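Asker: First to last, the protein sequences are chains A and B.
Counting from 1, position 82 in the first sequence corresponds to residue 379 in our numbering; the numbering is continuous, with no gaps.
Counting from 1, position 30 in the second sequence corresponds to residue 31 in our numbering; the numbering is continuous, with no gaps.
The beta-carbon is built from N, C-alpha and C at its ideal position, and this holds for glycine as well.
Being a predicted model, the structure only gives us computed values, none of them experimental.
Here you go, one structure.
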Amino acid sequence: AQTVTQSQPEMSVQEAETVTLSCTYDTSESDYYLFWYKQPPSRQMILVIRQEAYKQQNATENRFSVNFQKAAKSFSLKISDSQLGDAAMYFCAYSPPGGYQKVTFGTGTKLQVIP
Amino acid sequence: GAVVSQHPSWVICKSGTSVKIECRSLDFQATTMFWYRQFPKQSLMLMATSNEGSKATYEQGVEKDKFLINHASLTLSTLTVTSAHPEDSSFYICSARFLNRDRDNEQYFGPGTRLTVT
């Protein structure tokens, strides 16, 4: 079974600084997808970024980028120029390919942004 | 695009009654819909996977007779909590995946439904 581990229950960052959230996963598959989701206090889950395992290039979305290390099964999220609105729970997630496949979530990292 | 709605957003019901939660994909057709449960300060726990026109697949430990799922169309799935008890109080979230092959691993979430059973 696939597992997703987020070893940082809480993180904090100064506004405008950069922070990296860690995620490791375990799978025997060679093709899969990885995601970072944000859950603000409203509890609405928001897709931040996704990465296809067959792509070597790290995904980026504006201030958000990932460091995908397939051999190490590591998938960290870097948030640059942190903003107050970035404060939220961040969940790392894994999914095999296929629209019917379920997503496995990590336990989450609570990010605090300090003004 | 990719909007998923849930109704109601908050419901209070008495112990022993049933409550239905709707999940709709508003601007796309969903291959599959998923139902999650989330306890405070915890991650999402998958309850079941729902495909249009077929029976839902429940995760181990989830009572299928208690949590009835109906996926009547490519844009609507419902979760009915039958004979609800206080321990069923939780935050329930649905998600829907695109039918389009290019994005079939994108999962979009509804805003959630807070259920309180008194």
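If E312/A and V410/A are in contact, beta carbons under 8 angstroms, what's the gap, nearest whole angstrom?
Answerer: Contact holds; Cβ gap of about 6 angstroms.
Asker: Please check if any C-beta of chain A sits within less than 9 angstroms of the C-beta of G54/B.
Answerer: It does not; no Cβ of chain A falls within 9 angstroms.
Asker: Looking at C-alpha atoms only, which residue of E314/A, S339/A and T404/A is the closest neighbour of T300/A?
Answerer: For the residues E314/A, S339/A and T404/A, the minimum Cα distance to T300/A belongs to T404/A.
Asker: For R121/B, report the span of its beta strand (DSSP E) as first-last.
Answerer: What the structure shows of chain B is the stretch from 2 to 119, and residue 121/B is not part of that stretch, so it cannot be assessed.
Asker: Name the residues in the region 23 to 34 of chain B whose C-beta lies less than 7 angstroms from a C-beta of chain A; which are they?
Answerer: Answer set for the region 23 to 34 of chain B: T32 and T33.
Asker: Helix, strand or coil: which one does DSSP assign to L75/B?
Answerer: If DSSP states are grouped into helix, strand and coil, L75/B belongs with coil.
Asker: Assuming V20/B and V12/B are in contact, meaning their beta carbons sit under 8 angstroms apart, how far apart are those beta carbons, in whole angstroms?
Answerer: With 8 angstroms as the limit, V20/B and V12/B qualify as a contact, their Cβ atoms being about 6 angstroms apart.
Asker: Per DSSP, which residues does M342/A bridge with? Please list them.
Answerer: M342/A is not bridged to any residue.
Asker: Could you check where the beta strand (DSSP E) with V63/B kicks off and where it finishes?
Answerer: That residue, V63/B, is in no beta strand (DSSP E); it is neither H nor E in DSSP.
Asker: Expressed to the nearest angstrom, what Euclidean distance is found between the alpha-carbon atoms of A368/A and T83/B?
Answerer: Distance between the alpha carbons of A368/A and T83/B is about 46 angstroms.
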